[in-house]
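Novice:
Numbering (my numbering), first residue to last: 30 to 407.
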């Protein structure tokens with residue numbers, strides 16, 4: 030998304046080729062990954078910025094040339110700000126997921142941002158990564174600090190999501206599978222285990238990874254992959270070898286937690302059902318076909334499925350360290366209780382109790398550069 034940070038672009042092109050070649054060669058690990066996962070790859074979100082940066086080359090005097098799009102806008106400061114709403118809701122009560130967008134959101138964002146938002150709302154994405162350069166660290170949400178502004182800037186402060194432990198694990202998977210990220214000392218900075226909470230590093234408003242978490246079902250982290258934003262061609266082989274295993278392991282992380290279907294009594298799919306995990310104040314929803322996916326660390330959880338017009342169903346689920354646990358829900362329609370009313374004299378109307386019209390909720394999907402979502406449960 031930053032046109033001058035080009036390593037991620039090259040790595041994703043190489044990853045695409047690697048997956049195709051290894052699949053064709055019968056590499057069983059890659060065959061299982063490709064056959065069991067929908068993998069979406071977007072090598073460049075900001076092609077205009079890249080063209081400007083590429084024309085300049087490795088000129089350190091123009092360090093930021095090409096960062097912004099053709100309109101001079103930083104796309105990672107251009108997504109609707111949903112953090113303000115979630116921080117308010119956490120204090121005062123309110124939705125903890127799939128926060129709605131302002132009515133005029135399309136007029137407030139750039140064409141690239143609008144296209145990506147429409148894309149991530151079109152698939153039930155589960156996990157994604159957003160690739161950057163200028164540091165070497167795996168950065169996880171939240172990016173925007175909860176702290177109040179001081180002289181126009183938000184103070185840096187660790188600002189964890191309700192899924193903080195899971196995000197730390199996802200970040201560590203990439204860091205420790207990477208050739209040197211996990212060492213911590215890179216580019217003059219030190220990050221223990223090669224990971225950081227975004228807001229504890231620096232506060233960033235209107236970023237993409239927070240938007241994905243708050244508006245869709247997708248869990249996204251930001252990968253800073255190189256000290257040099259525009260490395261030379263001869264350095265690309267070393268960078269690919271340093272990131273190859275990390276990219277594959279990160280893709281494999283989509284297969285953990287729980288997954289399944291939400292059905293009604295007649296085995297019809299229930300879309301937009303809310304899946305809640307007790308103790309984690311962040312819900313996910315089922316997709317258009319009733320399928321849902323919820324990333325979780327190993328442990329025992331109380332999971333509830335709810336949908337308008339249905340009685341909730343709660344199950345106790347134990348998640349292991351391997352494949353995701355298959356957990357299906359079958360919801361029963363609610364029996365509406367109505368107090369009988371005496372017919373008014375000379376009234377031509379009968380008292381009726383009608384179910385409220387269910388308003389479908391837009392199911393969120395997920396995020397930028399390397400995107401991924403699980404296939405529906407077998």
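Where a beta carbon is used, it is the ideal one built from N, C-alpha and C, also for glycine. These numbers were taken from a predicted model, which means no experiment stands behind them.
Secondary structure at residue 218, three-state DSSP: helix, strand or coil?
Specialist: Here residue 218 sits in strand by DSSP.
Novice: Take the Cβ of residue 365 as the centre, count every other Cβ of all protein chains shown within 10 Å, and call the residue buried at 16 or more, exposed below.
Specialist: Exposed, by the Cβ-count rule.
Novice: Please state if the CB of residue 331 and the CB of residue 306 are separated by a distance shorter than 9 Å.
Specialist: Cβ atoms of residue 306 and residue 331: closer than 9 Å.
Novice: Please report the straight-line C-alpha distance between residue 85 and residue 34, rounded to a whole angstrom.
Specialist: Roughly 13 Å separates the two Cα atoms.
Novice: If we ignore side chains and look at the alpha-carbon of each, how far apart do residue 131 and residue 319 end up?
Specialist: Using only the alpha carbons, I get a separation of about 27 Å.
Novice: Going by DSSP, what residue range makes up the alpha helix (DSSP H) through residue 259?
Specialist: Segment: none, residue 259 is in no alpha helix (DSSP H) and carries neither H nor E.
Novice: Counting only runs that start and end within the stretch 161-242, where is the beta strand (DSSP E) found for 3 or more residues in a row?
Specialist: Within the stretch 161-242, the complete beta strand (DSSP E) runs of at least 3 residues are 164-169, 224-226.
Novice: In angstroms, rounded to a whole number, what distance separates the CA positions of residue 73 and residue 343?
Specialist: If you take the alpha carbons of residue 73 and residue 343, they lie about 42 Å apart.
Novice: Suppose the cutoff is 7 Å on Cβ atoms and the five residues either side in sequence are ignored; what does the same chain contact list for residue 225 look like?
Specialist: The residues are 166, 168.
Novice: For residue 333, I'd like the list of residues in its chain whose CB is within less than 6 Å of its CB, leaving aside the five on either flank, ordered along the chain.
Specialist: 305, 341, 343.
Novice: Can you give me the C-alpha to C-alpha distance between residue 51 and residue 58, rounded to a whole angstrom?
Specialist: Rounded to the nearest angstrom, the two C-alpha atoms are 9 Å apart.
Novice: Does DSSP classify residue 321 as helix, strand or coil?
Specialist: Residue 321: strand per DSSP, three-state reduction.
Novice: Determine contact between the stretch 208-216 and the stretch 235-249, defined as no fewer than three beta-carbon pairs at a distance below 8 Å.
Specialist: No: the two stretches stay apart, fewer than three of their Cβ pairs being nearer than 8 Å.
Novice: Out of 171, 185, 294, state which residue places its alpha-carbon closest to the alpha-carbon of residue 338.
Specialist: Here the closest residue by C-alpha is 294.
Novice: Residue 28 to residue 309, Cα distance in whole Å?
Specialist: With the chain covering 30 to 407 only, the question about residue 28 has no answer from this structure.
Novice: If I measure Cβ to Cβ from residue 44 and keep anything under 6 Å in the same chain, skipping five residues before and after, which residues do I get?
Specialist: These residues qualify, in order along the chain: 276.
Novice: Helix, strand or coil: how does DSSP classify residue 5 here?
Specialist: Outside the displayed range of the chain (30 to 407) lies residue 5, so it cannot be described from this structure.
Novice: Is it a yes or a no for the stretch 109-121 touching the stretch 62-81, going by three-plus beta-carbon pairs under 8 Å?
Specialist: Touching, no.
Novice: Between the C-alpha atoms of residue 193 and residue 187, what's the straight-line distance to the nearest angstrom?
Specialist: The alpha-carbon atoms of residue 193 and residue 187 are separated by roughly 11 Å.
Novice: Using only the alpha-carbon positions, how far apart do residue 77 and residue 129 sit?
Specialist: Distance between the alpha carbons of residue 77 and residue 129 is about 30 Å.
Novice: In whole angstroms, give me the CA-to-CA distance for residue 123 and residue 290.
Specialist: For residue 123 and residue 290, the distance between alpha carbons rounds to 26 Å.
Novice: Consult DSSP for residue 34 and reduce its assignment to one of helix, strand or coil.
Specialist: Coil.
Novice: Could you give the distance in angstroms between the alpha-carbon of residue 222 and the alpha-carbon of residue 303?
Specialist: One C-alpha to the other measures close to 34 Å.
Novice: Can you check the stretch 261-315 for any beta strand (DSSP E) of at least 3 residues that lies completely inside it and give the ranges in chain order?
Specialist: List check, beta strand (DSSP E) in window: 287-293, 303-306, 309-314.
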